[in-house]
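Residue numbers for the first sequence follow the working numbering, beginning at 5 and rising by one.
C-beta: ideal position from N, C-alpha, C; glycine also.
A short worksheet on the structure shown next.
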Amino acid sequence: MSEQRYDPQSIEPKWQAVWAEEGTWEVSNDDARQADTAYVLEMLPYPSGEPHIGHLKVYSVGDSIAHYRRRTGRKVLHPMGYDAFGLPAENHAIRTGQHPRESTEASIAEFRRQFRDWGISIDWTREFGTHEPRYYRWTQWLFLKMLERGIAYRKDAAVNWCPNDATVLANEQVIDGKCERCGTEVESRQLEQWFFKITDYADRLLDDLEHIEWPAHVKTMQRNWIGRSEGAQVVFHCEELGTDYPVFTTRPDTLFGATFFVLAPEHPDVLKLNDSPEVREYLNSALSESSEERGDEHKEKTGVALGRTVTNPVNGKQIPMYVADYVLMEYGTGAIMAVPAHDTRDFEFAENFGVEIRPVVEPSGGEELPFTADGPLVNSGRFDGVPNRDAFEQIVDWLAEEGKGERSVNYRLRDWLLSRQRYWGCPIPVVHCEQHGIVAVPDDQLPVELPDIEDYAPKGRSPLAAAEEWVNTTCPECGGHARRETDTMDTFVDSSWYFLRYCDALNDEAPWDRAVADGWMPVDQYIGGVEHAILHLMYARFFTKALADMDLIGFQEPFANLFTQGMITRGGAKMSKSKGNVVSPGDIVARYGADTARCYILYVGHPAEGGDWSDDGIDGLHRFLSRLWRAAVEASELPDEEVASPGELTRKAHWAIDKVTRDLGERFATHTSIAAVIELVNEWHRSRESAAPGELRFAAATAASLIFPFAPHLGSEAYELVAGARVWEEPWPEADPSLLVSDTVEVVVQVNGKLRDRVAVPAGASEEDQEQLARDSEKVAGYLAEGEVRKTIVVPGKLVNFVVA
RNA sequence: GCGGCGGUGUCCAAACUGGUAAAGGAGGGGCACUCAAAAUGCCCUGCCCAUCGGGCUUGUGGGUUCGAGUCCCACCCGCCGCACCA
Numbered sequence: 005m006s007e008q009r010y011d012p013q014s015i016e017p018k019w020q021a022v023w024a025e026e027g028t029w030e031v032s033n034d035d036a037r038q039a040d041t042a043y044v045l046e047m048l049p050y051p052s053g054e055p056h057i058g059h060l061k062v063y064s065v066g067d068s069i070a071h072y073r074r075r076t077g078r079k080v081l082h083p084m085g086y087d088a089f090g091l092p093a094e095n096h097a098i099r100t101g102q103h104p105r106e107s108t109e110a111s112i113a114e115f116r117r118q119f120r121d122w123g124i125s126i127d128w129t130r131e132f133g134t135h136e137p138r139y140y141r142w143t144q145w146l147f148l149k150m151l152e153r154g155i156a157y158r159k160d161a162a163v164n165w166c167p168n169d170a171t172v173l174a175n176e177q178v179i180d181g182k183c184e185r186c187g188t189e190v191e192s193r194q195l196e197q198w199f200f201k202i203t204d205y206a207d208r209l210l211d212d213l214e215h216i217e218w219p220a221h222v223k224t225m226q227r228n229w230i231g232r233s234e235g236a237q238v239v240f241h242c243e244e245l246g247t248d249y250p251v252f253t254t255r256p257d258t259l260f261g262a263t264f265f266v267l268a269p270e271h272p273d274v275l276k277l278n279d280s281p282e283v284r285e286y287l288n289s290a291l292s293e294s295s296e297e298r299g300d301e302h303k304e305k306t307g308v309a310l311g312r313t314v315t316n317p318v319n320g321k322q323i324p325m326y327v328a329d330y331v332l333m334e335y336g337t338g339a340i341m342a343v344p345a346h347d348t349r350d351f352e353f354a355e356n357f358g359v360e361i362r363p364v365v366e367p368s369g370g371e372e373l374p375f376t377a378d379g380p381l382v383n384s385g386r387f388d389g390v391p392n393r394d395a396f397e398q399i400v401d402w403l404a405e406e407g408k409g410e411r412s413v414n415y416r417l418r419d420w421l422l423s424r425q426r427y428w429g430c431p432i433p434v435v436h437c438e439q440h441g442i443v444a445v446p447d448d449q450l451p452v453e454l455p456d457i458e459d460y461a462p463k464g465r466s467p468l469a470a471a472e473e474w475v476n477t478t479c480p481e482c483g484g485h486a487r488r489e490t491d492t493m494d495t496f497v498d499s500s501w502y503f504l505r506y507c508d509a510l511n512d513e514a515p516w517d518r519a520v521a522d523g524w525m526p527v528d529q530y531i532g533g534v535e536h537a538i539l540h541l542m543y544a545r546f547f548t549k550a551l552a553d554m555d556l557i558g559f560q561e562p563f564a565n566l567f568t569q570g571m572i573t574r575g576g577a578k579m580s581k582s583k584g585n586v587v588s589p590g591d592i593v594a595r596y597g598a599d600t601a602r603c604y605i606l607y608v609g610h611p612a613e614g615g616d617w618s619d620d621g622i623d624g625l626h627r628f629l630s631r632l633w634r635a636a637v638e639a640s641e642l643p644d645e646e647v648a649s650p651g652e653l654t655r656k657a658h659w660a661i662d663k664v665t666r667d668l669g670e671r672f673a674t675h676t677s678i679a680a681v682i683e684l685v686n687e688w689h690r691s692r693e694s695a696a697p698g699e700l701r702f703a704a705a706t707a708a709s710l711i712f713p714f715a716p717h718l719g720s721e722a723y724e725l726v727a728g729a730r731v732w733e734e735p736w737p738e739a740d741p742s743l744l745v746s747d748t749v750e751v752v753v754q755v756n757g758k759l760r761d762r763v764a765v766p767a768g769a770s771e772e773d774q775e776q777l778a779r780d781s782e783k784v785a786g787y788l789a790e791g792e793v794r795k796t797i798v799v800p801g802k803l804v805n806f807v808v809a
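What follows is the structure, given as structure tokens:
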């Protein structure tokens, strides 16, 4: 018997060195053109400090899938990089004066070191950081493509401004009126900014959700965010001012019930309609409210009558105008027709202000107002009696004929505001020329490199504006004086195409070769946290569609399958520095080895669910890996004999192969996969004395082979020991179907649904034989004697149920 | 308020299309090895009554079914998303 101990500290570096020296996980552009490719990708990490437990989890999940697919015959692209631009590094620079590049690259070095320690099977030749000029040169190139196509454009608009980060934000980065990053209440500012026309892609982003395998809740979030609603644009005319006010409504069928009209406080015409002190005061108080206060749906409806009227286009009635803060300038036209009888918000307002409430849809069962369900129209002239759904169509058609309205679709999605007044980001590659306005920097002058500066502190404009030498340049058109754009890009631009760069990361002629990218893409399995459900995942889909339109790629969706992993908690709580309950992957790996850490995280529960970290639990997993190791050592010392007839242990091994293949291959159930290997190893130790040497060798080799996707170092070492080969070069084992079924099966016998006995039945016995064997059971006979058997249910190989009365 | 997901031993959890509830791990207990301890190995471990044995058990209450953790209805609790979007 061997005295060797399981020593991950010596095994793990050994195999990591083999993989690094031999470039085991590297794939080539030729591989991309082969039929059987797979692209397994985890979300791009933001390098800050050192990796946390969530990183360990996401790469452990992804790596197990990558290994499994390789061994089932696929060429697998599994790359790594860093989302290296961004505010945290810049804020660090403001505090310490250290260049963001230095702190970022120090973090990258630490991330890289740990990823290698974890033994993740990465093709390191493709590694990049998004802050490297050789990467962002292409980010700029893509921006210019977008500019050429009119997808990138500048406009003056009310935008979200974070006073703490001193920059504008995209709508997606404002959560409940607060900055997504720092939690500061955002302000509204009128500024000229750069946008991507993502709204042009709204319908495609919505419709193509049908064609991708993503978790339902992520699709729902994207649908909600896009917020498509169908209705009509209807024009209300104000006689007094001679102005037309179009509104968007989803309920043109209720037009006859529109008894008043409301403008948002931000609407530019409010003061033209009425500039009384009362109105001015209301605007002041409404506009000074935080968006959170204003957004509270339970808030009392407030507003002021404007003393003007508009004409309801369907019945010619004059209806009063109000300004009220429950109407939002950002949605629709900033004005609404109010139908209090059939809209809860309008109803509340009408009650407060004593406006007429006119029902135009008849409640089917005499429900109270406001009634928002379906029914036939009333008080609606020639549409009376028409079911409201039909009336929707008829009224819209009629309005269109009269030139008073038209069918219309509205979206909640806004264009993506991509410019940031910060330093540590990708420079926007344009200049502002006095003669020619905005001019793209020519391709041969890319990248526009980020200059080094002294003072990173934000001052309401980009810190780059202070870099005079850099800012002042010449116009590529006329050679005259021009100033460089000083805003940088939102870091989400960097991460909206990185998966394409990985396909051909060393290409210096183009961001990628189309044939190569088309070979790998779309990503077969994308893995990451649900926190990116809207931001990154929507932007990346948008980029992909825009690039497909430019014929730069030949597919419409970047991520065919998405897996969102749950969070690892400790003591049921989120790990956080303030709670002092953080488990650092570095410490765990140093103490137990990477294999134990990885297996444990994959074992605490299905990776899609959360899992609770327990210090005792990881000891248990470490014990299991030691047992597997000992099984391999002992098996390797046994004679290598042919197995005459397969016994229980061999059957168990085939059972485990079958179980892991289905659990890992079909549903990412890493926890039950590992449990199956634990069972196999337990069985191995139990049968150590009784099983034939050949069986023990086979079972130990199988355990090593099956644990490899989760514990690659131990899997490699143990497999080499017992089977004398490199496990990653071995095909994934196949279970022998004949060994999955035993000669006899245990069948449950129930009487009236209650379990009374279990009997052994030959496999494949007829229903009659199975029933007879059940009937022969002494225990069962006693129950059957109590009455008459009315009915017998036989499930072959499973159970017999006698219904006795 | 609307939508989604979930609630199973002391804890983390398993159970494919309805068919042996609790696999596996942790924790607890016992035994072996040891002068002893650690490590390791083996066994027991849902609850109740008990002698064989029997009864009960998947948040609560009902229903469908020969049979329900699984399907249906109502309710309670938890998490996530949306929410004055016209």
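query	result
Straight-line Cα distance separating glutamate 191 from glutamate 184	13 Å
Backbone CA spacing between valine 755 and glycine 791 [nearest angstrom]	11 Å
Per DSSP, cross-strand counterpart(s) of lysine 159	Gln197
Beta-carbon proximity of threonine 492 to arginine 424, cut-off 9 Å	yes
Lysine 578, DSSP secondary structure in three states	strand
DSSP-derived helix/strand/coil call for threonine 548	helix
Straight-line Cα distance separating phenylalanine 260 from serine 384	5 Å
Start-end ranges of the beta strand (DSSP E) lying completely within the stretch 478–541, minimum 3 residues	485–488, 529–532
DSSP three-state assignment for lysine 758, whether helix, strand or coil	strand
Simplified DSSP state of histidine 241, which is helix, strand or coil	strand
Valine 752 versus aspartate 761: straight-line alpha-carbon distance, rounded	6 Å
Exposure label - glutamate 7; buried when at least 16 CB within 10 Å	The pLDDT assigned to glutamate 7 is 48, lower than 50, so where the model puts this residue is not dependable, and the model offers no usable value.
Glutamate 410 and alanine 236 closer than 9 Å at C-beta	yes
Where the beta strand (DSSP E) containing methionine 341 begins and where it ends	339–342
Endpoints, the beta strand (DSSP E) within which glutamate 46 is located	41–46
Where arginine 73 falls: helix, strand or coil (DSSP)	helix
Residue burial classification, methionine 554 (beta-carbon count within 10 angstroms, cutoff 16)	exposed
For isoleucine 112, the nearest candidate out of Tyr86, Trp165, Ile323, Val798 (CA to CA)	Tyr86
Counted within 10 angstroms of its Cβ, other Cβ atoms place glutamine 13 as buried (16 or more) or exposed	exposed
Selected residue, minimal CA-CA separation from valine 62, among Asp616, Leu45, Trp516	Leu45
Inter-residue Cα distance where the pair is leucine 381 and proline 391	6 Å
Glycine 615, enclosing beta strand (DSSP E) - first and last residue	615–617
Collapsed DSSP secondary structure at glutamate 189 in the structure displayed	strand
Extent of the continuous beta strand (DSSP E) run through proline 324	322–327
Inter-residue Cα distance where the pair is proline 433 and methionine 47	27 Å
Beta bridge counterpart(s) of tryptophan 29 as assigned by DSSP	The partner list for tryptophan 29 (beta bridge, DSSP) is empty, contrary to what the question assumes.
Alpha carbon of lysine 464 to alpha carbon of lysine 149, nearest angstrom	One point to set straight first is that residue 464 is glycine, not lysine, in the sequence displayed. Distance between the alpha carbons of glycine 464 and lysine 149: 29 Å.
Selected residue, minimal CA-CA separation from aspartate 448, among Ala657, Tyr502, Asn228, Trp145	Trp145
Sufficient close CB pairs (3 or more, under 8 Å) joining the stretch 519–530 to the stretch 469–480	no
Cβ shell of glutamate 244 (< 7 Å), same chain only, five flanking positions each side left out	Arg312
Three-way DSSP call (helix, strand, coil) for methionine 5 in this model	Here the model assigns methionine 5 a pLDDT of 37, short of 50, so the residue's position is not dependable, and the following value carries that caveat. The answer is coil: DSSP assigns methionine 5 none of H, G, I, E or B.
Contacting residues, own chain, Cβ-Cβ under 6 Å from methionine 5 (five flanking each side not counted)	Legend: pLDDT at methionine 5 = 37, less than 50; position of this residue unreliable, no value from coordinates given.
Inter-stretch contact (C-beta, 8 Å, three-pair minimum) for the stretch 90–108 and the stretch 121–128	no
The stretch 482–489 contacting the stretch 433–443, beta-carbon criterion three pairs below 8 Å	yes
Spatially closest choice to tyrosine 460 from Val22, Gln38, Arg393, Thr100, by CA coordinates	Thr100
Helix, strand or coil at alanine 704 [DSSP, three-state]	helix
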